[in-house]
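Visitor: Numbering (UniProt numbering), first residue to last: 1 to 158.
To start, I am sharing the structure in question, which I have written as structure tokens.
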Amino acid sequence: MNKQTVQTLLQSNAGIAALILRVPLGVILAAHGAQKLFGWFGGYGLEGTGQWMASIGLEPGYLMALLAGSAEFFGGLALVLGLLTRPAALVSALTMLVAMFAVHIGNGLFMANNGYEFALSLLAASVALTVQGGGRLALDNLLAAQLGQARPATAGAV
């Protein structure tokens, strides 16, 4: 990837609204990931989540639990910080698509029936952040600025 592509990936002029969207989304995703990975907040940890995923046809269950839990936990933390916002949001969106179609779609829309409304909400927020980036108050902008100030190597430099 060249410098211009990386800067385009990182820079965002979305303003404060992106912060308002990404922090709660990141907290929710990180908490759900912590349930899957570590058994925190009443979760079942990798072993239990893996067994459940295998039982619904997501095989191998342990690997699927590790991937989903990591996407949610580490992606959520990245969103809270505004660090690599677009890639983190994209991975989160894909994770929500899998959750919707593998678990919730057959139960209808509403959460009361284990439906897909919550996953759809998280999907919509993730897609919005994928498009607009982390906003003005994101670490992504610091990274992009550092890339813009990097000096090219000169001939004969050691």
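Each residue gets a CB set at the ideal place from its N, CA and C atoms; glycine is no exception.
Decide if N141 is buried, meaning its Cβ has at least 16 other Cβ atoms within 10 Å, or exposed.
Guide: The residue is buried, with at least 16 neighbouring Cβ atoms inside 10 Å.
Visitor: Please work out which residues of its chain come closer than 6 Å, Cβ to Cβ, to A157, disregarding the five sequence neighbours upstream and downstream, and give them in chain order.
Guide: With a pLDDT of 45 at A157, under the threshold of 50, the modelled position of this residue cannot be trusted, and the question is left open.
Visitor: Compare the Cα-Cα distances from A65 to each of S121, G43, F110 and R136 and report the closest residue.
Guide: The shortest C-alpha separation from A65 is found at G43.
Visitor: Can you say whether R86 is buried or exposed, counting buried as having 16 or more other CB atoms within 10 angstroms of its CB?
Guide: Buried.
Visitor: What's the C-alpha gap between R136 and S55?
Guide: When rounded, the distance between both Cα atoms is 43 Å.
Visitor: Under the three-state reduction of DSSP, which class applies to S92: helix, strand or coil?
Guide: Correct three-state label for S92: helix.
Visitor: Please classify L137: does DSSP put it in a helix, a strand, or coil?
Guide: Three-state DSSP puts L137 in coil, outside helix and strand.
Visitor: Among S70, H104 and G134, which has the Cα closest to the Cα of F38?
Guide: Looking at the Cα atoms, S70 is the closest of the given residues.
Visitor: Near V103, which residues of its chain fall below 7 Å by C-beta distance, leaving aside the five closest residues on each side in sequence?
Guide: Excluding residues within five positions, the ones whose Cβ falls inside 7 Å are I56.
Visitor: Evaluate contact between the region 81-96 and the region 124-135, counting only Cβ atoms and requiring at least three cross-stretch pairs below 8 Å.
Guide: The answer is yes - the region 124-135 touches the region 81-96, with three or more Cβ pairs under 8 Å.
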